[in-house]
Every structure is written in C-alpha cells, then in structure tokens.
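Position 85, counted from 1, in the sequence shown is what this note's numbering calls 85; the numbers after and before it change by one each time, with no gaps. Quick notes on the structure that follows.
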Amino acid sequence: MDGKVFKEEAITCDMKWIWILLLFILMLGPPKIVVVSNSIDYSPELIEYLQQEREVISITADQFSEYQQYQYYVILGGPDAPEGIGDIVTTILSTQEQEFLRNTKEYNLFIRVKGSNTYFVLAGADREQTKLAVDNLKDDIVEYIPKTPVKWIDDFEEALEKAKKEDKLVYIDFYTEWCRYCIKMEEETYTDPRIVQLLTEEFVPLKLNREYPEHQDIVKQYNIYRQPVELVVDADGDVLWGHTGYLDADELYFYLMALLSQSRGFFFL
1 MDGKVFKEEA
11 ITCDMKWIWI
21 LLLFILMLGP
31 PKIVVVSNSI
41 DYSPELIEYL
51 QQEREVISIT
61 ADQFSEYQQY
71 QYYVILGGPD
81 APEGIGDIVT
91 TILSTQEQEF
101 LRNTKEYNLF
111 IRVKGSNTYF
121 VLAGADREQT
131 KLAVDNLKDD
141 IVEYIPKTPV
151 KWIDDFEEAL
161 EKAKKEDKLV
171 YIDFYTEWCR
181 YCIKMEEETY
191 TDPRIVQLLT
201 EEFVPLKLNR
211 EYPEHQDIVK
221 QYNIYRQPVE
231 LVVDADGDVL
241 WGHTGYLDAD
251 ELYFYLMALL
261 SQSRGFFFL
C-alpha cells in the first residue's frame with residue numbers, strides 16, 4: 001500500500017512539473033497583446049487587426065489584475081469610461097492628460113511604459129471619439145511594438161565596421177553580470193519598444209562586459225571604471241555622448257533622440 005501511495009505521489013509531482021514546464025514554454029513565445037475593454041468600447045475589428053501581428057487576449061477591467069505578467073496592453077476608453085476601465089486609465093495617464101480628454105473633443109493614443117509593462121490607451125471624450133481613436137490610430141500600436149529584441153554585437157571592431165558600412169552611430173553599453181542596475185536596464189530599458197526601435201534602426205548596438213579580459217583595451221581607452229556606462233561613438237570610435245549610471249527608457253529615449261537631431265557635438269553627463 002505504501003509503495004502504491006508513493007508511486008501516486010511521484011506521478012502527481014511529475015505532472016506538476018510538466019505543467020510548469022509547459023507554461024514556461026508558452027511564455028517564451030512571441031509577446032502577446034492584452035486588450036482591455038468594456039462592453040461599450042469593445043472592438044472585434046481591433047482585435048482581428050492586432051491578431052495579424054500577435055496573439056491577442058481580450059479581457060475586462062475586472063480581470064485586469066489577473067493578467068499582470070504580460071508586456072503589452074491596449075486599453076480602450078478614457079478616465080471616465082464605465083465598467084472599471086476609467087479606474088485603470090487614471091492610474092496610467094497624468095491628471096493633465098485626463099483633463100485633456102474630458103475638456104476637448106479630440107481623441108488620442110497615449111503610450112506609457114511602467115516597469116516592464118507597456119500601455120497603449122486609445123481614448124476620446126466619449127464613445128464616438130474612442131471609436132475614432134481605434135479606427136485611426138491602431139496602426140501606431142503595431143508600428144510601436146518591435147518585431148524582435150535588440151540584437152547586440154559584442155565585438156568592438158565589428159561594430160565600427162558595421163557603423164561605417166551603414167552610416168550609423170554606435171551605442172555602447174558597458175556592464176557587468178553582477179551589477180543590479182545593469183540587470184534593471186536589460187530587463188526594463190532595453191525592452192522598451194521605443195528603445196528597441198531606435199537601437200535597431202538608428203544605431204549599431206554594442207554590449208561589452210567591463211570585466212572581460214578581451215575588452216580591457218577598450219575599457220582603458222574610454223576610461224570606464226564603473227557600470228553601467230552608456231556611450232555613443234561615431235564610426236571612428238570618437239565619443240559623441242556619454243552617461244554613467246542607470247537610465248530608464250524615457251531618459252535614454254530623450255538623449256538618443258536629441259543626439260540624432262543635433263550636430264555631432266560632444267557632451268558627457
């Protein structure tokens with residue numbers, strides 16, 4: 001009898017780990033888009049449109065707290081939307097943005113990144129304006145979500161050669177494996193869709209471990225003595241911009257966009 005019980009417990013344990021493994025495998029797939037809406041603003045056309053790019057999960061506001069493990073959320077409705085949508089929107093948009101929606105007859109797409117979550121709020125002052133936001137701005141959601149993560153290069157000379165060939169600047173991230181702010185940037189800053197798009201399309205992204213022996217000449221060249229350090233250099237390796245320490249996605253996006261829009265002058269922060 002004891003042997004039978006032990007065998008049943010072992011089978012139950014094995015099944016538990018199988019389910020955990022299956023769940024892990026499913027989560028490794030392409031990021032899903034969670035659409036949050038009420039019965040008024042629910043849009044099957046939007047869901048069908050987004051499904052052309054990604055798998056879509058449609059939920060209500062009541063279910064929102066149970067779906068916090070995903071990266072991308074599309075929320076339909078403004079701060080006064082019924083059935084709990086407004087309560088969610090007020091935690092995402094600023095007071096000024098909420099008042100803008102209340103006091104104007106315009107609609108908008110608001111994109112906000114909080115931690116590892118990206119929120120797309122399609123909203124207007126009323127149901128008709130929200131529908132216009134969905135109809136006219138849904139393309140921006142698809143364009144904003146990156147198809148692939150940043151493809152980092154780990155060879156300095158290769159990055160410079162690529163920069164010369166493609167007429168781009170090189171973005172360098174100096175990191176260590178134990179640095180908690182480096183890990184935070186990897187998990188949050190470098191997964192932000194705006195940053196992924198910029199580093200993929202406008203820069204050659206180079207990631208160098210400050211402690212690796214093969215990188216010591218470059219570490220000395222740029223006088224890197226802590227981490228994280230972010231540099232932008234031209235195809236000859238001359239520094240155009242630099243920053244020491246953690247940067248969130250908003251900060252890095254501001255600096256990179258400013259750098260692209262101005263002449264190649266040097267400034268170090």
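Cβ atoms here follow ideal geometry from the backbone N, Cα and C, with glycine treated the same way. Remember, predicted model here, so these are calculated numbers, not experimental data.
CA-CA distance, E188 to A61, rounds to 25 angstroms. In the DSSP secondary-structure assignment, H243 is bridged to E230. By the 16-neighbour rule on beta-carbons within 10 angstroms, D192 is buried. P79 sits buried, since 16 or more C-beta atoms from the chains shown fall within 10 Å of its C-beta.
Ranking T91, I85, D135, E83 by CA distance to the CA of N108 puts D135 first.
Using a C-beta cut-off of 8 angstroms, the stretch 224-234 makes contact with the stretch 169-178, since at least three inter-stretch Cβ pairs fall below that distance. The alpha-carbon separation between D217 and R210 amounts to approximately 10 angstroms. Of all C-beta pairs linking the stretch 84-98 to the stretch 124-139, fewer than three are shorter than 8 angstroms, placing the two stretches out of contact. The three-state secondary structure of V150, taken from DSSP, is coil.
For the pair Y67 and I59, the CB atoms are nearer than the 7 angstroms cut-off. Contact check for P82 and W152: beta-carbon distance about 45 angstroms, past the 8 angstroms limit, so the pair fails to qualify.
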